[in-house]
Structure formats: structure tokens, C-alpha cells
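Peer 1:
Residue numbers (my numbering): 403 to 524.
Following this line, the structure appears as C-alpha cells:
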């Protein structure tokens with residue numbers, strides 16, 4: 403949930419870049435005198451990939467579609483995502499030597515085997 407919110411906030415803070423390329427006078431002209439919509443324009447797909455935030459656990463379904471899809475709450479989707487990550491990912495950026503030193507210094511007793519991807523979180 404936090405990642406979804408921070409993504410939207412960061413995108414808002416970044417603002418809207420106004421350049422001749424982004425204003426797309428030629429694209430607008432081709433839409434006006436062409437199909438009458440932007441869906442077929444290369445720039446539309448490009449901007450949707452760079453300018454739009456696609457939430458990972460939030461959804462943008464209509465109420466009817468949300469209900470038809472099972473009506474799961476955002477907190478349930480977030481819990482499901484956490485379980486998915488914890489069951490399939492173990493950070494490898496900490497070397498075994500550093501891990502051992504941290505465990506020794508802070509008296510961490512949880513065995514490393516308990517932290518690796520396993521069915522514990524599934």
C-alpha cells in the first residue's frame with residue numbers, strides 16, 4: 403500500500419514536463435484529421451508507460467468489476483503480495499560473513515533457515 407501511495411506522490415511531485423515534444427502539435431493534428439482518438443498513436447503508449455502510475459495492490463476497477471473479481475480489499479491484496487514476496491525472495495545483498503557478524507553483535511537467534519523462501523510464508 404505504501405509503495406502504491408509513494409509512487410503516486412512521487413509522480414505528482416515530479417510534475418508535468420512541458421516541451422514541444424510533449425505538447426505534440428503534430429500528434430494532435432493527426433488525431434483531429436484522422437481517427438479522432440489518441441489510442442493508435444505511438445506517443446500515447448510511450449506516455450502511458452512513463453507518466454502513469456499503475457498501482458500494484460490498489461485497483462482502478464469499477465465497483466461492478468471489483469465485485470465480479472471477488473471484491474477483495476486493498477489490505478487483503480497487500481497481505482497476499484507480502485506472502486508472495488516472502489515466500490519467493492530472500493535478500494542476497496548481505497554476505498554470509500556480514501550476516502554472521504550482525505547476528506553475533508545483536509544476539510539475533512532466529513536461524514537464517516527460517517528467513518529463506520519457504521512454505522512458512524505461503
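Idealized CB from N, CA, C, for every residue including glycine.
1) What's the C-alpha gap between residue 473 and residue 412?
2) So residue 451 and residue 429 are in contact, right, with Cβ under 8 angstroms, and what is the actual spacing, rounded?
3) Which of the three DSSP states is assigned to residue 487 in this structure?
4) Contact check, residue 403 vs residue 476 under 8 angstroms by CB: the rounded distance?
5) DSSP three-state label for residue 526, please.
6) Give the range of the alpha helix (DSSP H) segment to which residue 506 is assigned.
Peer 2: According to the data block:
1) Counting from 1 along the chain shown, the entry for residue 473 is found at position 71. Counting from 1 along the chain shown, the entry for residue 412 is found at position 10. If I take the Cα positions, the gap works out to 28 angstroms.
2) In the chain shown, the residue the question calls residue 451 occupies position 49. In the chain shown, the residue the question calls residue 429 occupies position 27. Not really, about 16 angstroms apart at Cβ, beyond 8 angstroms.
3) Taking the first residue of the chain shown as position 1, residue 487 is located at position 85. Residue 487 falls in the helix class under three-state DSSP.
4) If you number the chain shown from 1, residue 403 lands on position 1. If you number the chain shown from 1, residue 476 lands on position 74. With 8 angstroms as the limit, residue 403 and residue 476 qualify as a contact, their Cβ atoms being about 6 angstroms apart.
5) Any question about residue 526 goes unanswered here, given that the chain covers just 403 to 524.
6) On the chain shown, residue 506 is found 104 positions in, with the first residue counted as 1. Secondary structure note for residue 506: its alpha helix (DSSP H) is the uninterrupted segment 498-507.
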